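Participant:
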Ligand SMILES: [Zn+2]
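Residue numbers (this note's numbering): 1 to 96.
Here it is in structure tokens:
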């Protein structure tokens with residue numbers, strides 16, 4: 001038997017930049033359910049991820065920290081190339 005997760009145990013907990021707002025079960029297949037976490041990132045965005053990813057430290061933000069790490073690369077040189085800009089191919093839905 002899998003250990004039942006007490007949602008109250010996780011509510012308000014912080015994992016990296018994410019604060020757990022809610023734990024819910026997502027029906028993946030007929031007899032398979034996964035624990036998901038609705039979190040709020042420190043940047044203010046809401047982010048949904050699987051609970052194991054969160055507790056194992058695989059997910060630490062809504063993705064904004066990755067973008068920040070990428071932005072930190074601007075101006076760095078690798079061999080003869082200097083990074084001038086970093087961008088995401090995904091269209092920005094809410095520019096900040
Ligand atoms: Zn964020």
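Cβ coordinates follow ideal geometry from the N, Cα and C atoms, glycine included.
Since this is a predicted model, take the numbers as computed values, not measurements.
Cβ-heavy atom distance between residue 8 and ligand 2 below 6 Å?
Facilitator: Here the bound small molecules are ligand 1; ligand 2 is not part of this structure.
Participant: Classify residue 10 as helix, strand or coil using the three-state DSSP reduction.
Facilitator: Numbered from 1 along the chain shown, position 10 holds the residue referred to as residue 10. Correct three-state label for residue 10: helix.
Participant: Would you say residue 38 and residue 22 are within 7 Å of each other, going by their C-beta atoms?
Facilitator: The sequence position of residue 38 within the chain shown is 38, counting from 1. The sequence position of residue 22 within the chain shown is 22, counting from 1. Yes, the Cβ-Cβ distance between residue 38 and residue 22 is below 7 Å.
Participant: Express the C-alpha separation of residue 64 and residue 152 in angstroms, rounding to a whole number.
Facilitator: This structure leaves residue 152 out entirely; the chain is present only between 1 and 96.
Participant: Under the three-state reduction of DSSP, which class applies to residue 65: helix, strand or coil?
Facilitator: Position 65 of the chain shown holds residue 65. Three-state DSSP puts residue 65 in a helix.
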